[in-house]
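J.: Please read through the structure below; I'll follow up with questions.
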Amino acid sequence: MSICEDFGEITDFEQLGKTLKKFRETANITLEQIQKETKIRSKYLSVIEKGDFS
Numbered sequence: 748m749s750i751c752e753d754f755g756e757i758t759d760f761e762q763l764g765k766t767l768k769k770f771r772e773t774a775n776i777t778l779e780q781i782q783k784e785t786k787i788r789s790k791y792l793s794v795i796e797k798g799d800f801s
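Here this note's numbering is used: the first residue of the sequence shown is 748, the next is one more, and so on.
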């Protein structure tokens, strides 16, 4: 199954964050590693994973 098939149509951004976190943890990747590759600060990545868009 591809990542696209796993995601399907995303309408709930809180669920998106949970799904991203699940994939990251399954791949044994830290937020710091993602930060290094994407140049997105880990604190923002964490907020996305938590679905906290307030």
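Glycine is no exception: its CB is placed at the ideal position from the N, C-alpha and C atoms. Keep in mind that this is a model prediction, so the values were computed, not measured.
Is it right to say E779 is buried, meaning 16 or more other beta carbons lie within 10 angstroms of its own, or is it exposed?
T.: Translated into positions along the sequence shown, residue 779 becomes position 32. By the 10 Å Cβ count, E779 comes out exposed.
J.: What is the DSSP secondary structure of F760, counted as helix, strand or coil?
T.: Mapped onto the sequence shown, residue 760 falls at position 13. Helix.
J.: Could you tell me the distance, in whole angstroms, from the CA atom of Q762 to the CA atom of K797?
T.: Locating residue 762 in the sequence shown gives position 15, where the first residue counts as 1. Locating residue 797 in the sequence shown gives position 50, where the first residue counts as 1. Those two C-alpha atoms are separated by around 9 angstroms.
J.: Tell me whether K768 sits in a helix, a strand or coil according to DSSP, three-state version.
T.: On the sequence shown, position 21 is the one that residue 768 refers to. Residue state, collapsed to three classes: helix.
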